[in-house]
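In the UniProt record's numbering, the protein residues as written are 1 to 451.
Let me begin by presenting the structure, written as structure tokens, before commenting on it.
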């Protein structure tokens, strides 16, 4: 079968017997090991279409992977299409748009845009692939000033479940553009996107770190501060237990710190003024807040850029208060014994709460905060210890948990109820209808069941 498939493909076709198979299948989360029957390393949109048609002829399920950041559960069997070779990035400064291949990461877009005084609206990590991130919505360090990253998706090229290549824009297949702005998967394989860029070369941004004895004071100050925060300021706080390992920079090694992330797309003077109540909330252990080139936005969160085992659980929250802070500190504060290396709260609202004039499928616009728990990177804890500990944290803050979520934060929902909670109730029938129309044979598995 692989020989017949290889005859149709310009790129690479790999079976488990070949040495390059494991590397091609590897996910960013090394605890997830994919074992498909065959991998197509696509060199073009035409390759993707040929592979999908071949799979449809043979009744084989099709999955897709670019950078591997979206891997939550192993892929077993079927055909895996790797789009990591589709790394083209081009910027048109006249129209302030970027054309981005499915294998490109945000770092490449930010670098190319910076040459023209422009930037994209990325997530916290520039190492993440652009396409997979956008399809789920995307809430990054510019969320409150600029909204969901998917709001900047203006076009795409997609291969449907029948192998048809569609061009998507506001003028062509507009209903599909609505779905791709946050609907995530099940429609086909996106091989290229066109995104709107924004005029921004520098911002006042970075992080303030506070030592263990000041965690409670700063968290409580931040909770109150967010109630009337400037609409253009996006902040988050993370309670981080840095391991006592040589690979951790010495100032962080073995410490339990609160990292307060701050991003303001404006002048240094105004940014410093807006940050002052946070900077003076308690003695600062490390001050890494100041003028930042837009292409270096990844420094705000400093997410890991090397693969490793990972476990996380995310959800959305309604408005929080001091009772919430008390509950969270009891579960995750300095005195708590919990198997998490980090717990992060991101402030939403402002531009993230405002939908596009044409609408979008994205879930989570009406939430006030996100919460993500990041477990100790020990795979022996992933199946039971971390899920139980996560349940305990959520039980402690249950009254503030938002009833809906966002698919990029939900990870891999195990039930239909969890899956459907990732989008507004009104979006679900439209999304399901599009999936059935574009993938009538259901060759793109998406969700716990066919919905």
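By construction, the Cβ of each residue, glycine as well, lies at the ideal position given by its N, Cα and C atoms.
Everything numeric in this text was worked out from a predicted model, so none of it was measured.
By the 10 Å Cβ neighbour count, where 16 or more other Cβ atoms means buried, how is residue i classified, buried or exposed?
i	result
residue 124	buried
residue 322	exposed
residue 267	exposed
residue 449	Because residue 449 sits at a pLDDT of 47, beneath the cut-off of 50, its placement in the model cannot be relied upon, and the following sentence gives the value as read from the coordinates. Exposed: under 16 other Cβ atoms inside 10 Å.
residue 105	buried
residue 360	buried
residue 144	buried
residue 175	exposed
residue 246	exposed
residue 227	exposed
residue 17	exposed
residue 398	exposed
residue 172	exposed
residue 155	buried
residue 308	exposed
residue 439	buried
residue 20	exposed
residue 431	buried
residue 151	buried
residue 58	exposed
residue 280	exposed
residue 452	As shown, the chain starts at 1 and ends at 451. That puts residue 452 outside it, with no answer to give.
residue 414	exposed
residue 389	buried
residue 426	exposed
residue 193	buried
Measuring CA to CA, which of the options is closest to residue i?
i	options	result
residue 89	197, 18, 54	197
residue 313	265, 334, 373	373
residue 391	292, 345, 338	338
residue 406	192, 420, 100	420
residue 223	290, 346, 160, 76	346
residue 403	433, 335, 316, 442	316
residue 252	290, 302, 230	302
residue 380	320, 32, 432	32
residue 75	87, 61, 86, 67	61
residue 164	147, 189, 174	189
residue 140	59, 261, 179, 191	261
residue 378	367, 248, 243	243
residue 84	121, 26, 237	26
residue 95	331, 199, 167	199
residue 287	331, 14, 259, 423	259
residue 77	249, 441, 38	38
residue 181	401, 357, 335	357
residue 231	350, 34, 24	350
residue 28	67, 3, 15	67
residue 293	442, 263, 384	263
residue 210	327, 218, 204	218
residue 178	208, 137, 327, 216	137
By the DSSP assignment, the beta strand (DSSP E) with residue i in it spans what residues?
i	result
residue 133	Note, residue 133: premise wrong, no beta strand (DSSP E); alpha helix (DSSP H) at 130 to 135.
residue 341	340 to 347
residue 462	With the chain covering 1 to 451 only, the question about residue 462 has no answer from this structure.
residue 91	89 to 92
residue 86	It is not in any beta strand (DSSP E) - residue 86 carries neither H nor E in the DSSP assignment.
residue 14	12 to 14
residue 416	Per DSSP, residue 416 belongs to no beta strand (DSSP E); it is in the alpha helix (DSSP H), 416 to 420.
residue 62	62 to 65
Which residue marks the beginning of the alpha helix (DSSP H) containing residue i, and which one marks its end?
i	result
residue 2	2 to 6
residue 52	45 to 57
residue 326	322 to 332
residue 109	106 to 114
residue 277	268 to 279
residue 145	143 to 146
residue 96	Per DSSP, residue 96 belongs to no alpha helix (DSSP H) and is neither H nor E.
residue 70	Per DSSP, residue 70 belongs to no alpha helix (DSSP H) and is neither H nor E.
residue 139	First-last for residue 139: undefined, no H or E at that position.
residue 429	428 to 438
What does residue i pair with, by DSSP beta-bridge criteria?
i	result
residue 157	167, 192
residue 235	262
residue 39	14, 80
residue 101	192
residue 29	308
residue 287	208
residue 121	Residue 121 pairs with nothing; no bridge assigned.
residue 481	No information on residue 481 is available, as it lies outside the stretch 1 to 451 that the chain covers here.
Unbroken stretches of the alpha helix (DSSP H), 4 residues or longer, contained in the region 160 to 227: 174 to 180, 215 to 226
Please give the ranges of any beta strand (DSSP E) in the region 351 to 410, keeping only runs that are unbroken, at least 3 residues long and fully inside the region. 369 to 375
Entirely enclosed beta strand (DSSP E) segments - the region 291 to 320, minimum 3 residues: 312 to 317
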